[in-house]
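In our numbering, each residue's number is its place in the sequence shown (first place is 1) plus 2.
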Amino acid sequence: MDVVLINGLRESAGKTTTTLGLHENLSQNRDVNLFKPLAGNDYWYDHDLVVESLEKGTIYGHDARELSKQTGNNPLTVNPFHRLWCPPQVLGKKSTTQNRYHILDRVKVDEEQIIIENKDIEIPKKIEEKLNPENRLSYSGMSELNDFIEENYLSSIKSAADHLMDCDLLLVESYSQVAIPSNIGNIDAVVTVEPGKAYIMEGSRYMDAENMQKGIYQEKGINETNSRRVLEMLNPEEIQLKPSTTKNHKPKAKTYKQLTKKIKNHLNSNK
């Protein structure tokens, strides 16, 4: 199985649209699955989608919904770990330097959904009413939350990845500006995107560069590596990207035709 990682140089870089475009082209002659290990959204700014997912007894975001529509997989399998935020004022808190509060994490391990709630805030009634009270845990303070994450995160990623590996090509979308999501390895090619441009790199060289950066920043207490810092260490191939219109939630395949060709070349050169 080949693994292609798609990450971005900014939070809204075009990762999901690029992932969908590559899937649309590559799935014409390969069995392709989509995976986004971690995602998040906001109870206020993404309220329509929060309500939509709550009606189904869970929480997921826009990216997971679109990726699952393209493949037919469950949104929770495509995205096993989801974080829900909220502005402080919506929760009755004063606006401070903390511009958003963590409400909960939703984790899927095997067939089980676990909800990890912040008991230091009042959980919105809509969430309390719609989420099953079973398998709901609570935490107070970042230390407890980090313990929960350490206990559940890697197992949720592994469980979902095992389910999705029944294919010959896995497209993995990173989150925010993170170079490589935790527990993702054996990458064959990397696409880093920003508005109007894509950078293509060989997977093993990218992982080596990311490991070097990770070592530097772990000493400062930072566990995630910024994609821009990794990109600056390499000499990537780059191409221009045009804005893509969508139809039935799919970007136009021709917009990503050149990028698809570059990815195929990288994958073929590894064999």
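C-beta atoms are modelled at their ideal positions from N, C-alpha and C, and glycine is treated no differently. As the structure is a prediction and not an experimental result, all values here were calculated from the model.
**Prompt:** Is Y62 closer than 8 Å to P77 when the C-beta atoms are compared?
**Reply:** yes
**Request:** For the alpha helix (DSSP H) holding D50, just list the boundary residues, first then last.
**Result:** H49 to L56
**Request:** Please check the pair L1 and T21, which I expect to be a contact at CB under 8 Å, by giving their CB distance rounded to whole angstroms.
**Result:** In the structure displayed, the chain extends from 3 to 273; residue 1 sits before or after that span and is not available.
**Request:** Flag this pair as touching only if the segment 165–173 and the segment 146–157 have three or more C-beta atom pairs under 8 Å; answer yes or no.
**Result:** no
**Request:** Measure the alpha-carbon distance for G59 versus L86 and round it to whole angstroms.
**Result:** 14 Å
**Asked** What do you get for E119, buried or exposed, if any count of 16 or more other CB atoms within 10 angstroms of its CB means buried?
**Response** buried
**Request:** Go ahead and pull the three-state DSSP assignment for R32.
**Result:** coil
**Message:** Please state whether the Cβ-Cβ distance between H25 and L243 is less than 8 Å.
**Reply:** no
**Beta-carbon proximity list for E226, same chain, < 6 Å, skipping 5 on both sides** = Excluding positions up to five away in sequence, the list reads V180.
**Asked** So A291 and V195 are in contact, right, with Cβ under 8 Å, and what is the actual spacing, rounded?
**Response** There is simply no residue 291 to check, as the chain begins at 3 and stops at 273 in what is shown.
**Asked** What do you get for M209, buried or exposed, if any count of 16 or more other CB atoms within 10 angstroms of its CB means buried?
**Response** buried
**Prompt:** Considering E152, what are the terminal residues of the alpha helix (DSSP H) in which it resides?
**Reply:** M144 to L166
**Message:** If I follow the unbroken beta strand (DSSP E) through I241, where does it start and stop?
**Reply:** E239 to Q242
**Message:** From the DSSP secondary-structure annotation, give me the bridge partner or partners of H282.
**Reply:** Absent from the model: residue 282. The displayed extent of the chain is 3 to 273, so no value can be given.
**Item:** CB of N202 within 8 Å of CB of K263, strictly
**Value:** Rather than Asn, the amino acid found at residue 202 in this sequence is Ile. With contacts defined as CB atoms closer than 8 Å, I202 and K263 fail to qualify as a contacting pair.
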